[in-house]
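One structure below.
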Amino acid sequence: MTVHTASLGGSEADQVAAVLAIAAGRHFGGRAAIEGLARESGGASRQTWSFDAVVDGKRHELILRRDPPSASKGERERSAALDRATEFRVLRAAWQAGVRAPEVLFELAPQDGLGEAYVMRRIGGTAIARKLLRDPPYAAARHKIAGQLGEIVARIHAVDVKTLPPLAHRQAEDQIAGLRHLLDTLSQPQPVFELALSWLDRRKPTPVQRPMLVHGDYRTGNYLADETGVTAILDWEGAHLGDPVEDLGWLCVKSWRFGAIDKPAGGFGSRDELWSAYQRAGGDKVDPVRAHWWEVFGTVRWGVICHTQAWKHLSGAQKSMELASIGRRAVETEVDLLQLLKAAA
Amino acid sequence: MAQDRPTASELLGAIADFLREEALPALDRAEPRLGFQMRVAVNSLAILEREARLGPSANLREHERLVKLLGRDGTLDELNRELARQLRTGQRDERDTALMAHLEATVADKIAIANPKWR
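If you read the sequences in order, they're chains F and G.
Quick note: the first sequence uses my numbering, first residue 1, plus one each step.
Quick note: the second sequence uses my numbering, first residue 1001, plus one each step.
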C-alpha cells in the first residue's frame, strides 16, 4: 500500500464527504458529521480514503475503499482483481472467522454515486516496510512479525469456503498460463522469465485436494503493524481459491524483504519460524519443495507485474512517472531467479 | 558528430545531484507528496546516468554472445525473441551451460545499470 496524503480541496472530496455523511448516518442510525477526510493511496482507480464519522457524540474511525465509476471496469478486467462487492464479502467472512483483518461495516449503494465502495473500521499501525524494518519503536515487534504472519495466514486458509462469495479457483497451471499471457502483451521478449516459467512448468506441484482461501498478495507492505506487531492484513483484491502454500511462497519473495535479505519471511524471520507458526496455528505441514516452487513462481510474478505496471504508462492507459520507473525494477527479480534456479540445481 | 562535454552521463549526473541536494529538501518541506515523486525521478536519473555510461558496451557484448549462442545474426530484439521462443518451447533449458553463462552476464550488466546495490 502506498501511503501519502494528497492535499485536497476540490469538489471530489466535498462530494465524497456529503455521500459519506448520509451513508454513515444510515448505518449508525443518527446524524453523522464527517471529519478529517483525506485520500491515502496513490492510484486514481483503486482509492483509499481515511475519515472520522461523528454520530451522537461518538467518533468512529473509518476507511473508505472505492473504485470511482469511470475507472471500475477496464482496469479490473486486465488485473483480475476482485470487484469491491466481492472483496467486502471475503473480508467479512475472514473477519468473522477470526482473521486479523479490518472489520467491514457497510457498502455504498450505486445511487450514492461514488462507484463501487465500502466502509470499514480504521486500524492503527503502519504498512511502510522501511519503518517497520528500521525504526526504533518497532524493535520488539520485529521479532514477532514472522510468527504472527504464519499464524494469521493459517487462519485465512482455515476460512470455511462455504462462507465465501464465488471466487476463481487458480491452480499452478492456470497461474503459469496467466503470466505467459501477460508476457505476450509486453513489447519486449523476456528470456529469463521464459526460462523460469518453463522450469516451473516442468515441476508443477500436484493440485491440492481441497482448494482453500488464498489471500493472493500476502506480503510485507500489505499489512499494518504497530509496536506490538501485526494489527491487520490488508489488500484482499487478489483473493482466490487454490494452493495455500502460494501465500507462504509469495511472502518469502526477496523483493518483500526490503533489504533484510537474510530474513526470508517478509524481512522478519526464517522460513522455519514462519512454517512452524503456521503449523502450530493449524496449517498443514509445509512441504519445502512446494514452498520453494511458489517462491520461484512469486519471483517471476513480481517481475512480470513490474513490466505490466510500466506498460500502463507506456500504453498511454495511465500516464505516470512512478509506474514507468517500476519497469526498471524487473531485473531485480531476474537476478533473484538465476540465484534460485542455481540453488535448486 | 560528437557533442561537446558534458557527456550525457556527466549532464545527467549534474541534474540528479542538483535535484537531490537542492530541490528535494525544499520540496520535502513544501509538499511531501511531490518529494516522494522527486525521489523516484532522481533515482531514475541515476539509472540513466549509468545507462549512458555502461549501456552501449553492454548491448554490444549481449549481441555478440547471442550471435554465438544462437548461431545466427539479427538485431538484439530479433535474437532475444528467438531465444525467448526456444526457452518457452523447452528447446533450451537451465542445463545448457552456455545459455546460463549468457543470461548471467546479461543480467549482471542490466542490474549494474538499474540497481547496482541489489543483491
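Every residue gets a Cβ at the ideal spot worked out from N, C-alpha and C, and that includes glycine.
| Query | Result |
| --- | --- |
| Short CB-CB distance (under 7 Å) between V335 (chain F) and chain G | yes |
| Alpha-carbon to alpha-carbon, G1074 (chain G) and L1129 (chain G) | Residue 1129 (chain G) is absent from the structure shown; chain G starts at 1001 and stops at 1119. |
| E332 (chain F) at chain G interface by Cβ criterion, 7 Å | yes |
| M321 (chain F) versus S315 (chain F): straight-line alpha-carbon distance, rounded | 13 Å |
| Straight-line gap, Q171 (chain F) to T220 (chain F) (C-alpha atoms, nearest Å) | 24 Å |
| Residue-chain proximity (H4 (chain F), chain G), Cβ-Cβ < 7 Å | In this prediction, H4 (chain F) has a pLDDT of 38, which is less than 50 and means its spatial position is unreliable; what the coordinates show is noted afterwards. Yes, its Cβ sits closer than 7 Å to a Cβ of chain G. |
| Interface residues of chain F facing I1111 (chain G) [CB-CB closer than 9 Å] | V331, E332, E334, V335 |
| Residues within the stretch 1080-1097 of chain G neighbouring chain F, beta-carbon criterion of under 7 Å | N1080, R1081, L1083, A1084, L1087, R1088, G1090, D1093, E1094 |
| Proximity below 7 Å, CB of L213 (chain F) to CB of V159 (chain F) | yes |
| In chain order, each alpha helix (DSSP H) run of at least 4 residues that lies wholly inside the stretch 138-163 of chain F | 145-157 |
| Bounding residues of the alpha helix (DSSP H) (the contiguous stretch that carries K312 (chain F)) | 288-314 |
| Backbone CA spacing between L338 (chain F) and A1008 (chain G) [nearest angstrom] | 32 Å |
| Rounded C-alpha distance that separates A97 (chain F) from L186 (chain F) | 40 Å |
| Contact set for P1116 (chain G): own chain, Cβ-Cβ below 8 Å, skip 5 residues either direction | R1050 |
| Within chain G, the residues that Q190 (chain F) reaches when beta carbons sit closer than 7 Å | A1084 |
| Contacts of R1039 (chain G) in chain F (Cβ-Cβ under 8 Å) | In chain order: nothing, as chain F lies at least about 10 Å away. |
| Interface partners of R328 (chain F) on chain G, CB under 7 Å | I1047, A1114 |
| Min CB distance A13 (chain F) to chain G below 7 Å | no |
| Meets three-Cβ-pair contact criterion under 8 Å: the stretch 272-291 of chain F and the stretch 145-156 of chain F | yes |
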